[in-house]
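For the sequence shown, position 127 matches number 777 in the working numbering, and the numbering has no gaps at all. Everything below concerns the one structure shown next.
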Amino acid sequence: MRRPPAMQWVCTRGVLAAAQSAAAAFEREHGLAVVLRDLDEGAAQLEASVACETHWRRGLRQRVDSPLECWIARVPGPVLCITEGGRAQAESLRAFVPAGRAYLGLWGEEALQPAAIALAAWQLAQSGTGRWLTLAVD
């Protein structure tokens, strides 16, 4: 029986093969399911999301409720952003991660190595997010 997702990994297409391999190993080793998502799909919503946040900061909206925030919120648990690009790309989603969710960006050469991806995900899972981890294991 397939486990419910414990976290999401938002990936660029260039790291997808490494992320798929790491996700399979991560689920086998830790019993935690991962949802892989396409960063390009989320990035397409970036401009509208920035506009929503700008309106919220100016007091024109009660909540941000940006398309990107809603897209990320659909999958529970921490968010790992994986890209072969630079740090700026890996950190681009951080502002839109729902409050209380752990986030980690992984970029460059490490993003192409399944072992490095799995290690980063495990460190993210262990970084004070024990509540979701306990619920996922129980």
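By construction, the Cβ of each residue, glycine as well, lies at the ideal position given by its N, Cα and C atoms. A quick note: this is a predicted structure, and the numbers were derived from the prediction, not measured.
**OP:** Pull up the distance between the alpha-carbon of residue 678 and that of residue 687, whole angstroms please.
**Re:** Stepping through the sequence shown from its first residue, residue 678 is reached at position 28. Stepping through the sequence shown from its first residue, residue 687 is reached at position 37. If you take the alpha carbons of residue 678 and residue 687, they lie about 19 Å apart.
Original post:
Heavy atom of the ligand NAD less than 7 Å from the Cβ of residue 702, yes or no?
Top reply: Of the ligands one can find in the structure shown there are none, so the ligand NAD has no counterpart to examine.
Subject >> Validate contact between the stretch 724 to 737 and the stretch 695 to 707 using beta carbons, cut 8 Å, 3 pairs >> reply: no
Subject >> Whole runs of the beta strand (DSSP E) within the stretch 745 to 785, excluding any shorter than 3 residues >> reply: 753 to 757
Subject >> Alpha carbon of residue 663 to alpha carbon of residue 731, nearest angstrom >> reply: Locating residue 663 in the sequence shown gives position 13, counting from the first residue. Locating residue 731 in the sequence shown gives position 81, counting from the first residue. Each residue's alpha carbon lies about 12 Å from the other.
**OP:** List the endpoints of the continuous beta strand (DSSP E) containing residue 684.
**Re:** Taking the first residue of the sequence shown as position 1, residue 684 is located at position 34. Looking at the DSSP string, the run of the beta strand (DSSP E) that includes residue 684 is 683 to 688.
Original post:
Going by Cα to Cα distance, which pick from 711, 656 and 661 is closest to residue 742?
Top reply: The residue given as residue 742 occupies position 92 in the sequence shown. For the residues 711, 656 and 661, the minimum Cα distance to residue 742 belongs to 661.
Original post:
Would you report the Cα separation of residue 715 and residue 682, rounded to the nearest angstrom?
Top reply: Looking up residue 715 in the sequence shown gives position 65. Looking up residue 682 in the sequence shown gives position 32. Taking the straight line from one Cα to the other gives about 28 Å.
**OP:** Note down the Cα distance separating residue 668 from residue 710, rounded to an integer number of angstroms.
**Re:** For the purposes of this step, residue 668 is taken as the residue at position 18 of the sequence shown. For the purposes of this step, residue 710 is taken as the residue at position 60 of the sequence shown. Those two C-alpha atoms are separated by around 42 Å.
**OP:** Starting from residue 733, trace the alpha helix (DSSP H) both ways and give me its first and last residue.
**Re:** Sequence index remark: in the sequence shown, residue 733 carries index 83 (1-based). Careful: residue 733 lies outside any alpha helix (DSSP H), inside the beta strand (DSSP E) at 729 to 733.
**OP:** Compare the C-alpha of residue 694 against each of 712, 718 and 740 and name the closest.
**Re:** The count along the sequence shown starts at 1 and reaches residue 694 at position 44. Of the candidates 712, 718 and 740, the one whose C-alpha sits nearest the C-alpha of residue 694 is 718.
Original post:
What separation, rounded to the nearest whole angstrom, lies between the Cα atoms of residue 720 and residue 754?
Top reply: Position 70 of the sequence shown holds residue 720. Position 104 of the sequence shown holds residue 754. When rounded, the distance between both Cα atoms is 18 Å.
**OP:** Tell whether a beta-carbon distance below 8 Å holds between residue 756 and residue 740.
**Re:** The residue labelled residue 756 in the question sits at position 106 within the sequence shown. The residue labelled residue 740 in the question sits at position 90 within the sequence shown. In contact: residue 756 and residue 740 (Cβ atoms closer than 8 Å).
**OP:** Would you please state the rounded distance, in angstroms, between the beta carbons of residue 759 and residue 665? I believe it to be under 8 Å.
**Re:** Taking the first residue of the sequence shown as position 1, residue 759 is located at position 109. Taking the first residue of the sequence shown as position 1, residue 665 is located at position 15. At roughly 11 Å, the Cβ-Cβ gap does not stay under 8 Å, so residue 759 and residue 665 are not in contact.
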